[in-house]
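Engineer: To start, I am sharing the structure in question, which I have written as structure tokens.
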Amino acid sequence: MSRVGKLPVAIPSGVTVTVAAGEVAVKGSKGEMKAKIVPEVTIEVKDGKAWVHPANKGTRARTMWGTSRAQLRNMVEGVSKGFTVRMEIQGVGYRAAADKNFLSMALGFSHEIKYAIPAGIEIKCEKPTSLSISGFDKKLVGQVAAEIRSLRKPEPYKGKGIRYENEYVRIKEGKKK
0 MSRVGKLPVA IPSGVTVTVA AGEVAVKGSK GEMKAKIVPE VTIEVKDGKA WVHPANKGTR
60 ARTMWGTSRA QLRNMVEGVS KGFTVRMEIQ GVGYRAAADK NFLSMALGFS HEIKYAIPAG
120 IEIKCEKPTS LSISGFDKKL VGQVAAEIRS LRKPEPYKGK GIRYENEYVR IKEGKKK
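One point on numbering: in numbering that gives the first Met the number 0, the residue at position 128 of the sequence shown is 127, and numbering is uninterrupted.
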């Protein structure tokens, strides 16, 4: 039995969950999300809670039970509170600036890197060396953070690069004389 799947998803006030034709739609103050429901799982909404149940006793139904419940919970939390990932930029002369559609970064290359900000994502630069990526889709927020980090990963000798806020970068010892 799925320990995650058997728990209900609490639906906060101001959020509506509708299930119709193999699709679940979640609408809240931050936005609206839709997702397809696999046929091995059923979702029912009652008393301010959403319950996910396997349609049969097959292996695929049991595996998708907890996964579907986690995705539904992320959708409900995203449209009500939203998700935020904070990142730090370390290195001499490394900096970032965000405007409406692009994130401009100087990361030690001969040119400035411009990253197009996707729809549904908001990027703020509190300082030139710190970024805050927020949105209502957890998957998209994490994907954007990973793409930005991949532009200049933290290197192990000086620790220069883009990292998540609480990421620990193990510094190696340099070559010896």
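We put the CB at the ideal spot given by N, CA and C, even for glycine. Fair warning: this is a prediction, and the values are worked out from it, not measured in the lab.
Short check: CB of glycine 65 to CB of glycine 4, under 8 Å?
Structural biologist: The count along the sequence shown starts at 1 and reaches residue 65 at position 66. The count along the sequence shown starts at 1 and reaches residue 4 at position 5. Yes, these two residues count as a Cβ contact at 8 Å.
Engineer: Quick one: Cα of lysine 39 to Cα of glycine 160, how far?
Structural biologist: Within the sequence shown, the letter at position 40 stands for residue 39. Within the sequence shown, the letter at position 161 stands for residue 160. It is worth fixing the name first, because residue 39 is glutamate in this sequence and not lysine. Taking the straight line from one Cα to the other gives about 44 Å.
Engineer: Output the boundary residues of the beta strand (DSSP E) element that contains glycine 134.
Structural biologist: The count along the sequence shown starts at 1 and reaches residue 134 at position 135. Segment 129 to 134, the beta strand (DSSP E) holding glycine 134.
Engineer: Using only alpha-carbon positions, find the residue among Arg61, Ser129, Ala115 and Lys45 that is nearest to phenylalanine 101.
Structural biologist: Locating residue 101 in the sequence shown gives position 102, where the first residue counts as 1. When each option's Cα is compared against that of phenylalanine 101, the closest is Ala115.
Engineer: By the 10 Å Cβ neighbour count, where 16 or more other Cβ atoms means buried, how is aspartate 46 classified, buried or exposed?
Structural biologist: Position 47 of the sequence shown, counted from the start, is the residue given in the question as residue 46. With fewer than 16 Cβ atoms within 10 Å of its Cβ, aspartate 46 is classed as exposed.
Engineer: Helix, strand or coil for arginine 169? Go by DSSP, reduced to three states.
Structural biologist: In the sequence shown, residue 169 corresponds to position 170, counting from 1. The answer is coil: DSSP assigns arginine 169 none of H, G, I, E or B.
Engineer: Closest by CA to lysine 26, which one among Ala54, Thr128 and Ile10?
Structural biologist: Numbered from its first residue, the sequence shown carries residue 26 at position 27. Checking every option, the nearest Cα to that of lysine 26 belongs to Ile10.
Engineer: May I ask which residues mark the beginning and end of the alpha helix (DSSP H) holding alanine 54?
Structural biologist: Here the question's residue 54 lines up with position 55 in the sequence shown. Per DSSP, alanine 54 belongs to no alpha helix (DSSP H) and is neither H nor E.
Engineer: Hey, could you find the ends of the beta strand (DSSP E) isoleucine 180 is sitting in?
Structural biologist: Outside the modelled stretch of the chain, which goes from 0 to 176, sits residue 180, for which no answer is possible.
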